[in-house]
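**Student:** Please read through the structure below; I'll follow up with questions.
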Amino acid sequence: MEPGTPRVAVVTGAASGIGAAVCRALEETGWTVCGMDMRRADHLEHTVVCDVADPHAVRAALARLQAEVGAIGALVTAAGHYELVPFAEITEDRWARMMRVHVGGLLNPVREVLPGMIERGEGAIVAISSELGIGGTESEAHYSAAKGAILGFVRSLGAEVAGHGVRVNAVAPGPTDTPLLPAPQRTPEYLASLPARALGLPEDIAQAVQFLVDEGGFCFGEVVSPNMGAVI
2 MEPGTPRVAV VTGAASGIGA AVCRALEETG WTVCGMDMRR ADHLEHTVVC DVADPHAVRA
62 ALARLQAEVG AIGALVTAAG HYELVPFAEI TEDRWARMMR VHVGGLLNPV REVLPGMIER
122 GEGAIVAISS ELGIGGTESE AHYSAAKGAI LGFVRSLGAE VAGHGVRVNA VAPGPTDTPL
182 LPAPQRTPEY LASLPARALG LPEDIAQAVQ FLVDEGGFCF GEVVSPNMGA VI
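See the structure below:
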């Protein structure tokens, strides 16, 4: 990157939770941060309302953002969808939605920004997965499957593009205090079952993301899992 060139990062799921915390962390280290979300991320100057599961909408959104602020040097995919559903109640629509948001929500923006990163010989992509993609629990089969697919994608693509100077990594959070976390995972009984007896904060996850974007120069296809001891 030429000296003085703005560093531009795009964060999906930027309006709240982990995505919003990532935006703040990257802004603090000098990035110009652009947001994509189903809701407008009013805390950002550059934001687009966009369904990340829609490849055409993602293409248009990223074209607009790049026209406004320049080439994208970092992408963080934090958009998500979550529900606790027993396997017998996972309909085709529920399965498809989970895959569209998580897997499509990674594939679609990566497909748009990766060619430019390869051409410039640098870039960072960080996908938000989950510790449930490493070790699942009951009533989360479709969510765990989607998050596990993200890990496979990251490891494979990370190996494929490492020689081009593009770093592809994942962060797999444990239970984190965000709007997506359901009530059963906020009870004293659930918290007592965690080794650290507490939920993680979005800022904890954002620190891991910021490291992989800014400092993780030796990380390619890695999975960092800040999970409060939920998976050891």
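Numbering-wise (our numbering), the sequence shown opens with residue 2 and increments by one.
Just so it is clear, CB atoms sit at the ideal spot from N, CA and C, and this is done for glycine as well.
Owing to the predicted nature of the structure, the values given are computational and were not obtained by experimental measurement.
(1) Alpha carbon to alpha carbon, how far is V169 from L115?
(2) If distances are taken between C-alpha atoms only, which option among V111, D205 and N228 comes closest to R25?
(3) So, helix, strand or coil for L76, using DSSP?
(4) Pick helix, strand or coil for M118, following the three-state DSSP scheme.
(5) What do you get for E29, buried or exposed, if any count of 16 or more other CB atoms within 10 angstroms of its CB means buried?
(6) Identify the continuous beta strand (DSSP E) that holds V1 and give its terminal residues.
(7) Check whether the segment 181 to 193 touches the segment 120 to 139, counting contact only when three or more Cβ pairs, one atom from each stretch, lie closer than 8 angstroms.
(8) Just confirm the distance between the C-beta atoms of P183 and P227, as a whole number of angstroms; I'd bet it's less than 8 angstroms.
(9) When burial is assigned at 16 or more other CB atoms within 10 Å of the CB, is H57 buried or exposed?
(10) Considering only the beta carbon of each residue, do R95 and V86 sit closer than 8 angstroms?
(11) Could you tell me if the beta carbon of A147 falls within a distance shorter than 7 angstroms of some heavy atom in the ligand ATP?
(12) Can you pull the DSSP bridge partners for G201?
(13) Count the other CB atoms within 10 Å of the CB of D43; is the residue buried (16 or more) or exposed (fewer)?
(14) Which runs of the beta strand (DSSP E), 3 residues or longer, sit entirely within the segment 123 to 160?
(15) Confirm, please, whether the CB-CB distance from T13 to V53 is below 8 angstroms.
**Tutor:** On the basis of the coordinates in this document:
(1) Locating residue 169 in the sequence shown gives position 168, counting from the first residue. Locating residue 115 in the sequence shown gives position 114, counting from the first residue. Whole-angstrom Cα-Cα distance: 10 angstroms.
(2) Walking along the sequence shown from the start, residue 25 turns up at place 24. Closest option to R25, Cα to Cα, is D205.
(3) In the sequence shown, counting from the first residue as 1, residue 76 sits at position 75. Correct three-state label for L76: strand.
(4) Numbered from its first residue, the sequence shown carries residue 118 at position 117. Reduced to three states, the DSSP call for M118 is helix.
(5) As a working note, residue 29 is residue 28 in the sequence shown. Result: exposed.
(6) Outside the shown range of the chain, which is 2 to 233, sits residue 1, and nothing can be said about it.
(7) no
(8) Taking the sequence shown and counting its residues from 1, one reaches residue 183 at position 182. Taking the sequence shown and counting its residues from 1, one reaches residue 227 at position 226. Contact doesn't hold; Cβ gap of about 20 angstroms is too wide.
(9) Position 56 of the sequence shown holds residue 57. H57 should be labelled exposed.
(10) Translated into the one-based positions of the sequence shown, residue 95 becomes position 94. Translated into the one-based positions of the sequence shown, residue 86 becomes position 85. It is a contact, given that the beta carbons lie within the stated cut-off.
(11) No copy of the ligand ATP appears in this structure; indeed no ligand is present at all.
(12) Taking the sequence shown and counting its residues from 1, one reaches residue 201 at position 200. Paired residues: T177.
(13) Working through the sequence shown from its first residue, we reach residue 43 at position 42. By the neighbour-count rule (16 or more Cβ atoms within 10 Å), D43 is not buried but exposed.
(14) 124 to 129
(15) Counted from its first residue, the sequence shown places residue 53 at position 52. Counted from its first residue, the sequence shown places residue 13 at position 12. Yes; because the gap between Cβ atoms is below 8 angstroms, this pair is in contact.
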